[in-house]
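Below is one structure, written out as structure tokens; the observations come after it.
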Amino acid sequence: MTDLHPDDARPAAGADTPAAELRGITKRFGPVLAVDGVDLVLERGTVHAVVGENGAGKSTLMSVLYGLQRPDAGAVLRNGRELRLRSPLDAIDAGLGMVHQHFRLFGSLTVAENVVYRAEPGRWGVYDRRAAEQRVTELAGRFGLDVDPSARVDTLPLGVRQRVEILKALHRQAEVLILDEPTAVLTPGEVDSLFAVVRSMAAQGTTVALVTHKVREVLEATDRVTVLRDGVVSARLETARTTAGEIVEAMIGRGLKPAVNPRGAVSGEPVLEVSDLRLAAAPGAAGVHGVSLQVRPGEVVGIAGVSGNGQREVVESVLGLRSPDGGSVLLHGQDLAGLGVRERRGRGIAYVPEDRPGMGTAASLSVADNLALGHHRTPPLGSRARLSPRAVRAQAGELVRRLGVKTAGVNAPLASLSGGNAQKVVLARELHHEAPLLVVEQPTQGVDVGAGEEIHRLLLDYRARGGAVLLVSYEISELRALADRVLVMLDGVVTADLDAADATEEVLGAAMVHATRPDDGSSRAGS
Amino acid sequence: MSGLVARLRLAAPAALVPLGAVVVALLVGAVVMAVAGVDPLRGYDAMVRGALSVSNIDFAVASFTAILAMSLAFAVPARMGEYNLGGDGQLALGGISAAVVALYLPAPAIVLLPVCLVAGALGGAALASVSAPLSTRAGVPVIISTLLLSAPAVALTSYLVRFPLAERGSAVPQTSRLPDAAHLPSFPGTSYTNAGLVVVVLVLLLAVRVDSRTPVGYEIRVAGANRGFAAYGGLSVPRLTLGTLVAAGAVAGLAGAIIVMSQPFRFIDDALTAPGYTFAGIAAALLAGGRPALLPLTAALFTVLTVGSAGMERDVDVPRQLGQVLQAVVILVLALRVLAARWVARRARDAVGGKV
Amino acid sequence: MDVFTLAFVAAVLTSSAPVLFAALGSALCGRAGVFNIALEGQLLCGAFTAVAVSWWTGSAWAGVAAAVVTTTVFSGVLALGAVSWRADPIIVAVGMNLLALGLTGFLLRELLDATGTFAPTGLAGLPDLDVFDGIPVLGALLGGQTLLVPLALLLAVAASLWLNRTSTGLRLRGVGEHPEAAASLGVSVTRYQHVTVLLAGALCGLGGAQLSLGNVTAFTENMTAGRGWVAVAAVMLAANRPLLVLGACLLFGAAEAWGFRLQGVGLPQQLTDAAPYLVTLIVLVASRLRVRRRLRDVDPVAAVSAAHPEAVVHPEETR
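Chains as they are written, first to last, in UniProt numbering: chain B, 1 to 527; chain C, 1 to 356; chain Y, 1 to 319.
Here is the structure:
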């Protein structure tokens, strides 16, 4: 098989023709204008940061570039020629590649098999394993990606899986590679090696679009920056000539928003007290190594960190979904050891889980049935032996009205609701417990901007009533909007415990990737 | 009430599917009969008469009792997404348990009748209960384990009536006739239809009530819709699985007991499983969908198909297996219920308007 | 007891062959992400067609060919229902199994004018192999077998090679494992699933033919008697891997053949009949328990839902 990535195969476009270009892209989802007339130029052989806060339109823009979404207006150009992208397959043919935040890999297949899938080397339909592994070794060597081509993918850490995704794109001769929030799942060491790979690819002529909301990464790894805010471009910068301050200002607007989050009236004994929690690390997870935390009435304690650093294990230990190897969980001073989920919830823990379709709701059941879980054995809905369907519907109607859930009726299946409305159903159910403790994971994930704000308001109202909230979020802006105190978790330990006032984007971002408190990002940029 | 109208508009297509399934099945049956050279109208007339004519209705109602019970035995675990296909084994074990108690426990009717019924229920429940830990602890799906356990259970009863329990001097593999005290009392003027029907109807009423008006019924539905959601809510999926399977096995075993405690008052090898009560019950449960209150209606329909097809065979010489074919067509068309459900979901979403 | 004689092993091969054909088909479907448990019905369909066509034409091979064609067409019900229309594959399978049972019984009466069993003198069965005559071990093992028995063994090896050594096999595995990922690289998930379901139909046709023209020369109503379900259990036991499927089916065959032996010693047939099912179930439970223990260590929540294998996997619905 000939080299699939020959340098001389580049089209004869002029050296200054951008590798890819977006012109006047506009895309709306229902009433929401996600991006509005955005221009983006990706010059050949550069690393281009596309930054912005959650909901600024970064993902939509990249989906358009990769053929996942069709724009309402505007054009996608490659080497100066306009593309007609009906699906990502057209984008792949045009030399585009994308590494999604959620990998699309076959866990039981080897690295090589994943990389060459549907572009396999071999003759007469026989798959040539050796040629495939050689190809992977060769590509990996060229760009400094360290992988074992014969390893099964599901045995690999997330950082290596990401390299497999990159190799997939390179094997398909991608000359423009989109990396969507690539560091969200990586450990600090993996982040460093990713950036080295990115540099190496750019040096060999590949164009990289790095989508991120982390200013540090922009400064560390890119040449140019396009900042998006509320669906429009708010700044175009050259990394060498800008500062963290300038980027942040472009991201969140002139004059930093005043803290939307006046401190709650924290008082009294802790509602939740976790001491020295320990859980052995399972393959692919961090485990928990001596985590302690307290949540008081009227307080929101946020847990920040990259996904998979032990947050899930802490939450599941509090809820009783998992039994820890050591340490204690106290609710109002009482040890919960040995109690199951039902007993713990009965004692006053409400829970909004991250996995809404898999855990927080049942799509095929009605809105009313979804609202009843956990309330169904107590008055007014029922008792141990009796459940009143009429009371279930009545309470559901009341909750739907109070929270403004948009639905055809309480008998409609939950599957018919949008993400934001489904999340409101979960919150309505859990807040209705008026439990002293609410554990919330990623409350605005998959939720549109408007509903996200309402959800934040509901959580703050609950705090104002004296509720204690343990909030797990991967979004720094969300933690800043809600939390009174922020703990940062990395590799199963708490690496920082900050007052909300001290928890700036830079400090949090740094603590999420380094165990020790690093230099201030802005001073680094100035050097 | 525009809300009610909207609800009806959403529910209508879901209700049309079962009706459509029956209509399609009857049309298929008509075509098959026409190809076989029989006037379909005559065929269906013979089928209906075979079940519902004055001379046949007594036996048909007794069959209805069994099919209704077997439909419950499938419907209860199906509520939480588990498929009990081992009805034959549960039925046979229930029947043999009741027969053994009746033959060896000398007691007056007032004692023996309930004890035999309970023994039958226990026999069926014991077999079905094995599948619960196999599913929740070992991860063997209920559909597989119930089936694999059913064949040995039927074989066991077959062995018992041929050897240890065989009636002496009889060429037929069967037990001796049960003592009079173990005969379920018949209605006036009937010989097959008896108090068993009342027992099964009472069990059905109980099941409907548990399903719609108790926390346990709600929890079973939640576990059926999404195991993760159930675990999140603190429900014990293993306990619910065990509960539904025990209930299912008990109803099937009860049906077995009722059959041996009716004419001709013995356990005869094959007599419980050969008529196909289990699959008629499954078809009836699937046709009723998630509404246990509809089971009597759908069970009646499949009773006519099952019992009537024997009449059809007698009168117009159409093989009785046509009844099974019709049941199968109903099940296959019902499998497409999901298409209607998807359609309803889309309608509901559109009704809200402008989904983001 | 002469359990380990060549004659016994030959009997094991005979008993295993029909189950093996069906199980291989189902295993391939499992690899492609389709839960195919309509084996009982498809075997029955193949068994009936083989006998009927063999009777009409006088040629057993014509019967085999017809069984393959008819059963492939019949498996189209599953392809349409469970793949194209995404209906519950379990309910489709229950319907198909019942349909085959009813229809073969019906046609047995209408077409062959028999009730219960059709075994006329002059019904052409599949010939025994004679190419191995005189060769020491092979002759004893395969001498009394039909060509379909060694074919089943070869197909198990071929299926394994296809899955692991070819491009289309690789793509098929990808389709079953992560359909969205396969679709995102341009592989048509539904096409792969359709073809696999139909292929399984063809294999079940062969299995049915071996049952009615090889193991015996007769068609009996419901003659599969649960073999389709044993095949399902074998597939589960083997986690869809063809060579392990072969092992599981041989185990079933051994239990059945052993049962026949025990009958010879005077044990009632009713009890020995139960042996294959119980052996299959016990081995299945033991193997699943091991898998389960490993899984629980990693993810307790996933362990809860592991009892519910994803029925059919489909690519993400495109909006």
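Idealized CB from N, CA, C, for every residue including glycine. Computed from a prediction, not measured in an experiment: that's the story for all the values here.
Residue i - containing beta strand (DSSP E), residue span
i	result
TYR351 of chain B	349-352
GLN321 of chain C	Neither: GLN321 of chain C is in no beta strand (DSSP E) and is coded neither H nor E.
THR207 of chain B	207-212
MET489 of chain B	485-490
ILE303 of chain B	300-304
Separation of residue j from residue i, as counted between CA atoms
i	j	result
GLY255 of chain B	GLY245 of chain B	Caution applies to GLY255 of chain B, whose pLDDT of 42 falls short of 50 and renders its modelled position unreliable; the value that the coordinates give is listed next. The straight-line gap from Cα to Cα measures roughly 11 Å.
ALA225 of chain C	TYR66 of chain B	36 Å
SER63 of chain C	VAL307 of chain C	7 Å
PRO258 of chain B	ALA500 of chain B	With a pLDDT of only 41 at PRO258 of chain B, under 50, the local geometry of the prediction cannot be trusted, and the value read off the model is given with reservation. Rounded to whole angstroms, PRO258 of chain B to ALA500 of chain B spans 13 Å at the Cα level.
SER87 of chain B	ALA483 of chain B	41 Å
ARG104 of chain B	ILE67 of chain C	48 Å
ASP325 of chain B	LEU277 of chain B	8 Å
LEU331 of chain B	ALA32 of chain Y	48 Å
VAL291 of chain B	VAL439 of chain B	16 Å
VAL488 of chain B	VAL472 of chain B	10 Å
ALA182 of chain C	GLY124 of chain C	19 Å
LEU206 of chain C	LEU117 of chain C	17 Å
ALA415 of chain B	GLY289 of chain C	19 Å
LYS424 of chain B	VAL83 of chain Y	34 Å
LEU126 of chain Y	PHE252 of chain Y	23 Å
ALA337 of chain B	VAL318 of chain B	10 Å
Any C-beta of chain Y under 8 Å from that of residue i
i	result
VAL338 of chain C	yes
SER275 of chain B	no
Cβ of residue i within 8 Å of any chain C Cβ
i	result
VAL298 of chain Y	At VAL298 of chain Y the pLDDT is 47, less than 50, meaning the model places this residue with poor confidence and gives no usable figure here.
GLY102 of chain Y	yes
VAL341 of chain B	yes
PRO389 of chain B	yes
GLY374 of chain B	yes
ARG401 of chain B	no
VAL83 of chain Y	no
TRP229 of chain Y	yes
ASP273 of chain Y	yes
ALA362 of chain B	yes
ARG384 of chain B	yes
PRO141 of chain B	Note on identity: in this sequence residue 141 of chain B is Gly, with Pro being the wrong assignment. False, the Cβ-Cβ gap to chain C never drops below 8 Å.
Span of the alpha helix (DSSP H), counted from its first residue to its last, around residue i
i	result
ILE25 of chain B	ILE25 of chain B -> not in any alpha helix (DSSP H); beta strand (DSSP E) instead, spanning 20-29.
residue 392 of chain Y	Chain Y is shown from 1 up to 319; residue 392 of chain Y falls before or after that span and cannot be answered.
ILE67 of chain C	57-78
MET312 of chain C	295-316
VAL160 of chain B	158-171
Given residue i as reference, the closest of the options once Cα atoms are compared
i	options	result
ALA65 of chain Y	Y:VAL9, Y:GLY207 and Y:PHE219	Y:GLY207
GLU167 of chain C	C:VAL154, C:LEU295 and C:ASP269	C:ASP269
LEU213 of chain Y	Y:VAL283, Y:GLY30 and Y:THR49	Y:THR49
GLU506 of chain B	B:ALA415, B:HIS213, B:VAL493 and B:ARG347	B:HIS213
LEU107 of chain Y	Y:GLY201, Y:ASN222, Y:ALA254 and Y:ILE282	Y:ASN222
VAL111 of chain B	B:ALA391, B:GLU249, B:ALA151 and B:PRO357	B:ALA151
ARG393 of chain B	B:PRO297, B:ILE92 and B:PRO380	B:PRO380
PRO18 of chain B	B:VAL41, B:ALA385 and B:VAL367	B:VAL41
Residue-chain proximity (residue i, chain B), Cβ-Cβ < 8 Å
i	result
PRO215 of chain C	yes
ARG137 of chain C	no
MET1 of chain C	Note that MET1 of chain C scores 42 on pLDDT, short of 50, meaning its location in the model is unreliable and no value can be drawn from it.
heavy atom of the ligand ADP below 7 Å from residue i C-beta
i	result
LEU289 of chain Y	The model depicted lacks the ligand ADP and carries no ligand whatsoever.
Cross-chain neighbours of residue i in chain E, by beta carbon under 7 Å
i	result
PHE279 of chain C	Considering every chain present, this structure includes no chain E. Its protein chains are B, C and Y.
Would you list, in sequence order, the uninterrupted alpha helix (DSSP H) runs of no fewer than 4 residues that lie entirely inside the region 80-138 of chain C?
-> Runs found: 87-104 and 109-136.
Which ranges does the alpha helix (DSSP H) cover as unbroken runs of at least 4 residues, wholly within the region 118-196 of chain Y, from first to last along the chain?
-> Considered as a whole, the region 118-196 of chain Y harbours 136-142, 148-165, 167-177 and 179-184 as its complete alpha helix (DSSP H) runs of no fewer than 4 residues, in chain order.
Could you tell me which uninterrupted alpha helix (DSSP H) segments, each at least 4 residues in length, are contained entirely in the region 182-254 of chain C, listed from first to last along the chain?
-> Those alpha helix (DSSP H) runs which fall completely within the region 182-254 of chain C and span 4+ residues are 195-213, 215-225 and 227-232.
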